[in-house]
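S.K.:
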């Protein structure tokens with residue numbers, strides 16, 4: 010008897026441990042994927058509703074509605090509300106209606122009724138006369154997203170044609186969109202790793218943007234001020250200078266946190282301002298190239314990260330360096346003693362102290378490494394893409410990367426994937442702007458929506474009725490000012 | 081209550097069926113009215129030769145700098161020009177916004193593949209990228225605004241503006257209107273496209289002092305030192321507000337902010353406190369920022385739109401050529417806006433003086449730079 014009581018009190022070992030790699034991968038990927046899907050749906054609504062043609066047609070149709078039309082419109086809303094309610098909680102409604110059924114059946118009822126509801130609402134709208142509006146909206150959204158895809162991944166027909174023609178230049182142009190996406194992803198990966206590493210130590214490094222600027226400054230300086238070195242020496246030197254600059258910028262808030270307990274959020278933000286104004290001053294003064302414009306001189310050719318393809322393609326070695334660094338960070342965090350200490354400090358500093366770990370050292374180490382990674386993001390842009398440094402150097406990689414680290418769950422692999430996603434979106438936005446004439450800002454909206462949904466997974470779980478897994482959520486950072 | 085849940089859709093279906101015979105507004109979803117798809121992807125644009133024949137401009141493409149297309153400043157003015165080209169020549173106008181340095185090359189590349197007859201790049205920040213693209217694509221015509229190359233590049237129209245000439249007039253008017261005997265200015269960063277305004281403004285005030293035996297002071301710029309007040313950026317309206325308040329505290333009652341949208345913050349500060357006037361730059365702020373029209377004395381116009389139309393016309397005429405073009409008072413590329421609602425506070429004598437000063441500047445008898 011005691012045994013059976015025990016069995017009830019202590020839950021059997023969850024099957025969580027025995028899940029296969031694929032199951033775990035699916036569980037890790039399903040929330041981000043659904044968040045992305047939802048963000049695109051909401052973004053689609055925004056695109057449709059900001060399209061002049063759609064709005065015109067909408068106003069036109071509404072003005073022509075007669076009494077019956079209005080009645081139908083009200084009914085459409087009723088169908089929408091009723092159908093949604095039913096598809097959301099079919100088991101409750103079915104049981105109230107004294108239908109027999111189990112949860113599994115109810116789920117199918119839910120899915121079927123969701124599909125039916127959408128169909129019915131579209132049908133009703135078409136009957137009332139909103140068909141042209143819907144068609145225009147559909148066109149606006151598909152042309153925008155079509156251009157986004159083509160601009161970020163390339164046009165499959167063009168790729169096939171280029172490959173079969175065998176013309177090197179055509180092949181290059183066909184793969185240009187993908188290469189641009191990878192180029193745009195690289196700084197995101199570096200900066201995302203920087204923030205993720207901080208999160209693992211319980212530190213909220215908002216200063217990645219400033220560290221990135223300093224990294225760019227130091228690497229561009231080493232790039233143009235030192236000449237006559239072979240590339241094998243110059244490139245690592247310039248990259249190292251970038252990492253060092255970022256590390257110093259991370260060291261200051263790290264020291265302040267470890268020694269006097271000053272909150273790193275405040276200090277990293279303040280360090281950002283210092284970095285921005287410092288770079289403005291340097292570019293208008295000591296680092297200005299001869300002439301009028303506040304841009305640094307070009308770096309020496311020996312400091313340029315080699316581009317791997319002929320000219321319009323900017324894909325450079327930096328992407329592989331980023332992947333290598335991500336692998337190293339994974340090893341460091343999960344396989345090395347230092348990484349273990351950093352994660353322990355992040356999870357529970359009191360336990361870490363009790364275990365004899367040096368909290369101050371780990372905080373400083375984590376902030377330095379985080380700064381170095383962000384500095385590498387800046388160095389990568391300078392040495393791989395721009396070859397010089399101007400004021401409008403970054404539009405906020407450091408800030409985006411906070412969201413990116415959240416999206417990647419502070420895991421190097423997750424950060425790489427999230428970085429690829431952000432880079433792809435950003436890169437495709439250009440084509441979307443050119444072809445569909447949708448402002449590139451919509452990309453930022455979609456990114457923000459993805460982040461919002463990822464930060465509040467409960468919303469996604471509620472929308473798609475996903476059962477919460479039994480495991481605890483990953484701890485990103487401890488509370489503020491605790 | 082329970083029943084209504086089922087019956088509602090049923091009712092709807094019934095009514096639908098009933099209305100099916102006489103739909104209120106017939107709409108055939110299967111046959112959409114002339115699918116208005118956005119112009120097809122550039123890769124399949126038919127019959128657009130890579131080299132446009134002279135006498136025709138089919139597509140004009142603008143790459144903005146990081147200020148964005150709606151910066152109430154030079155990107156927006158240039159875009160107004162592109163739209164005018166679209167109207168006048170029946171051309172297509174497209175723009176791409178740059179958000180950061182890496183976007184310049186990418187955006188130009190995007191347009192290089194889009195059969196543009198003219199690619200307009202705005203601002204010195206695009207200088208390097210435009211040069212590289214122009215040299216790699218000698219058949220593509222470019223226009224860069226507010227920047228030029230020495231030596232010139234044959235397929236790049238480098239447009240610069242003698243804004244000191246327009247600002248000179250504004251300085252003259254400002255000095256006449258000021259009651260406190262102090263006028264102020266500040267800039268974004270200390271670079272010639274910005275400081276030209278400030279220099280001209282200062283010289284205009286000095287000219288007023290000299291002609292009218294007055295002693296109006298200029299705050300925020302000193303040509304002798306080559307330095308003055310700068311926000312350090314072209315974005316923060318908060319900085320503009322602070323600069324405006326500081327200058328008003330110092331006694332300035334006419335202020336000319338030369339920092340794009342930053343000046344909007346200054347306008348807000350002036351509107352709140354009152355007792356001072358604003359001089360807009362680049363476009364006529366009376367029209368581009370109408371919420372502040374009660375305090376906009378005038379604006380120093382930098383007609384980027386005129387330059388864009390000029391370049392397009394040159395392509396249409398087959399007279400397009402590279403090299404440096406300077407917009408001046410003489411060719412109407414710079415100037416000042418009307419006084420609009422504040423016409424009454426500008427002394428008639430000053431209004432009468434202006435044509436003579438303009439003539440003097442054009443002749444070269446009046447120097448707008450020290």
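Protein chains in written order, with the working numbering: chain S, 10 to 491; chain L, 81 to 450. Glycine is no exception: its CB is placed at the ideal position from the N, C-alpha and C atoms.
(1) Can you look up residue 426 (chain L) in the DSSP assignment and give me helix, strand or coil?
(2) Does the Cβ of residue 532 (chain L) have 16 or more other Cβ atoms within 10 Å, making it buried, or fewer, making it exposed?
(3) So what's residue 141 (chain L) in DSSP terms, helix, strand or just coil?
(4) Comparing C-alpha positions only, which one of S:382, S:93 and S:193 sits nearest to residue 335 (chain S)?
(5) Measure the alpha-carbon distance for residue 213 (chain L) versus residue 187 (chain L) and round it to whole angstroms.
(6) Quick check: the Cα distance between residue 121 (chain L) and residue 163 (chain L), rounded to an integer number of angstroms?
(7) Please classify residue 163 (chain S) as buried or exposed, where buried requires at least 16 neighbouring CB atoms within 10 angstroms.
(8) Please report the straight-line C-alpha distance between residue 443 (chain S) and residue 342 (chain S), rounded to a whole angstrom.
(9) Helix, strand or coil: how does DSSP classify residue 399 (chain L) here?
(10) Checking contacts by CB at 8 Å: is residue 456 (chain S) closer than that to chain L?
(11) Could you tell me how far apart the beta carbons of residue 302 (chain S) and residue 280 (chain S) are, in whole angstroms, since I believe they sit closer than 8 Å?
(12) For residue 320 (chain S), is the classification buried or exposed, using 16 other Cβ atoms within 10 angstroms of its Cβ as the cut-off for buried?
(13) Output the residue ranges of the beta strand (DSSP E) runs that lie fully inside the stretch 194 to 231 of chain L and measure 3 residues or longer, sorted by chain position.
(14) State buried or exposed for residue 148 (chain S), treating a residue as buried only when at least 16 other CB atoms are found within 10 Å of its CB.
(15) Give a yes or no on whether the C-beta atoms belonging to residue 461 (chain S) and residue 201 (chain S) are separated by under 8 Å.
(16) Flag this pair as yes or no: are the beta carbons of residue 180 (chain L) and residue 161 (chain S) separated by less than 8 Å?
(17) Taking C-beta pairs closer than 9 Å, name the residues in chain L that residue 320 (chain S) reaches, listed in chain order.
(18) Using 7 Å as the cut-off, classify the Cβ of residue 174 (chain S) as near or not near the heavy atoms of the ligand ZN, replying yes or no.
(19) Against chain S, does residue 180 (chain L) count as a neighbour if the rule is that its beta carbon must be under 8 Å from one of theirs?
(20) For residue 466 (chain S), which residues in the same chain have their Cβ closer than 7 Å to its Cβ, ignoring the five residues on either side in sequence?
(21) For a contact meaning CB atoms closer than 7 Å, what does residue 204 (chain L) contact in chain S?
(22) If you follow the alpha helix (DSSP H) that residue 101 (chain S) is in, where does it begin and where does it stop?
(23) In terms of residues, what are the limits of the alpha helix (DSSP H) holding residue 158 (chain L)?
(24) Would you say residue 189 (chain L) lies against chain S (beta-carbon separation less than 8 Å)?
(25) Give me, in chain order, the residues of the same chain whose beta-carbon lies closer than 6 Å to that of residue 438 (chain S); leave out the 5 immediate sequence neighbours on both sides.
(26) Based on Cα-Cα distance, which residue from S:311, S:408 and S:130 lies nearest to residue 82 (chain S)?
(27) Does any residue of chain L have a CB that is nearer than 8 Å to the CB of residue 180 (chain S)?
(28) Distance cutoff 8 Å, beta carbons only. Does residue 321 (chain L) sit that close to anything in chain S?
(29) What three-state label does DSSP hand residue 302 (chain L) in the structure shown?
(30) Can you pull the chain S neighbours of residue 137 (chain L), defined as C-beta to C-beta under 7 Å?
(31) What is the rounded straight-line gap between the Cα of residue 6 (chain S) and the Cα of residue 334 (chain L)?
(32) Can you pull the chain S residues whose beta carbon is under 9 Å from the beta carbon of residue 270 (chain L), in chain order?
(33) What did DSSP end up calling residue 366 (chain S) once you bin it into helix, strand or coil?
(34) Pick from L:385, L:288 and L:234: whose alpha carbon is nearest that of residue 219 (chain L)?
(35) Check the Cβ of residue 174 (chain L) against every Cβ in chain S and list those closer than 8 Å, keeping chain order.
(36) Which one of L:392, L:341 and L:354 has the shortest CA to CA distance from residue 146 (chain L)?
M.R.: Per the coordinate set shown:
(1) coil
(2) It is not possible to answer for residue 532 (chain L), since the shown part of chain L is limited to 81 through 450.
(3) strand
(4) S:382
(5) 11 Å
(6) With a pLDDT of 40 at residue 121 (chain L), under the threshold of 50, the predicted position of this residue should be treated as unreliable, and no value is reported.
(7) buried
(8) 42 Å
(9) coil
(10) At a cut-off of 8 Å between beta carbons, residue 456 (chain S) makes no contact with chain L.
(11) Going by Cβ atoms, the distance from residue 302 (chain S) to residue 280 (chain S) rounds to 27 Å, so no, they are not a contact pair.
(12) exposed
(13) You should have 198 to 202 and 222 to 225.
(14) Answer is buried; the Cβ neighbour count reaches 16.
(15) Contact annotation: residue 461 (chain S) and residue 201 (chain S) have beta-carbon atoms that are not nearer than 8 Å.
(16) no
(17) 216
(18) Looking at this structure, you won't find the ligand ZN or any other ligand, since it has none at all.
(19) Cβ-Cβ to chain S under 8 Å: yes for residue 180 (chain L).
(20) Counting only residues of its own chain and dropping the five nearest sequence neighbours on each side, residue 466 (chain S) has a CB closer than 7 Å to the CB of 40.
(21) 302
(22) 99 to 105
(23) 154 to 169
(24) yes
(25) Closer than 6 Å at the Cβ level, and outside the excluded window around residue 438 (chain S), lie 449 and 452.
(26) S:130
(27) no
(28) Contact of residue 321 (chain L) with chain S is not assigned, every C-beta pair being separated by 8 Å or more.
(29) Strand, per DSSP.
(30) Residues of chain S passing the Cβ test: none, with the nearest at roughly 18 Å.
(31) Lying outside 10 to 491, the shown extent of chain S, residue 6 (chain S) is not represented and no answer is given.
(32) 293 and 303
(33) When DSSP states are grouped into helix, strand and coil, residue 366 (chain S) belongs to the coil group.
(34) L:234
(35) Neighbours of residue 174 (chain L) on chain S, chain order: 443 and 446.
(36) L:341
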